[in-house]
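Numbering (full-length UniProt numbering), first residue to last: 1 to 219. Structure first, commentary second.
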């Protein structure tokens, strides 16, 4: 897998004109080589039947905002994607490793599946409620949409904290310092505690990561 990743990265660099000596790009390659096998080992340990063959990708669209996210491809293979702008936002390899580990943790913990189930439950519940009240087909459809959104976000903050906890462990096991990586939250806007927000407040996340470090005696 490591050799495949190296060849893939070099191929992408050749096809896109990326300077392979760019420090952010080289850091991305190095971090992915170290974090990916640890994330896969954690995945197999917790989910023997889940597809744990992670693929770390780089979105080179210069217009794409700073972002990192986890998804699955058509075959069910887990994919972690970073935008080029995101790479430039990291101040060190520890921050990059922490975010990469966090995204892998989402897959390991089955958050996409759980989010999808919550969305369906929300859509069914609110749609049936409006239908029982005599709502029109359009009103029922709108209610289902709103219910799906609310359902999908109902546990999103809890999912983020769960991923922070496991991500902290993966970061440490990959040879990086989560105590440094978590400082990435100091460099990004604090989402606060907005109703139906998707992410917890930054201070809450920092507190949880530090608690995890102390609990497992990491760093």
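By construction, the Cβ of each residue, glycine as well, lies at the ideal position given by its N, Cα and C atoms.
| query | Do residue 66 and residue 83 come within 8 Å of each other at the CB atom, strictly closer than that value? | reply | yes
| Can you find at least 3 beta carbon pairs, one from the stretch 172-188 and one from the stretch 92-100, that sit closer than 8 Å? | yes
| said: Please report the distance separating the alpha-carbon of residue 142 from that of residue 116. | reply: 18 Å
| query | Hey, out of 189, 188, 170 and 174, whose CA is closest to residue 209's CA? | reply | 170
| request: Return yes when the Cβ of residue 103 is within less than 8 Å of the Cβ of residue 158, no when it is not. | output: no
| query | Roughly how many angstroms lie between the CA atoms of residue 51 and residue 144, to the nearest whole one? | reply | 31 Å
| task | Could you tell me if residue 164 is buried or exposed, where buried requires 16 or more neighbouring beta carbons within 10 angstroms of its beta carbon? | result | buried
| said: Let me make sure I understand the geometry here. Which of 77, 61, 107 and 112 has the alpha-carbon closest to that of residue 87? | reply: 61
| query | Exposed or buried, what is residue 109 when buried is set at 16 or more other beta-carbons lying within 10 Å of its beta-carbon? | reply | buried
| Are there 16 or more other CB atoms within 10 angstroms of the CB of residue 34, so buried, or fewer, so exposed? | buried
| request: Alpha carbon to alpha carbon, how far is residue 71 from residue 94? Give it in angstroms, no decimals. | output: 22 Å
| query | Based on the DSSP secondary-structure assignment, which residues constitute the bridge partners of residue 59? | reply | 83
| Beta carbon of residue 55 nearer than 8 Å to that of residue 31 | no
| Is residue 160 near residue 107, with beta carbons less than 8 Å apart? | no
| task | Rounded to whole angstroms, what's the CA-CA distance from residue 43 to residue 25? Just pull it up for me. | result | 26 Å
| request: Report buried or exposed for residue 184, applying the criterion of at least 16 other Cβ atoms within 10 angstroms of its Cβ. | output: buried
| query | Among 28, 201, 189 and 63, which residue has its Cα nearest to the Cα of residue 90? | reply | 28
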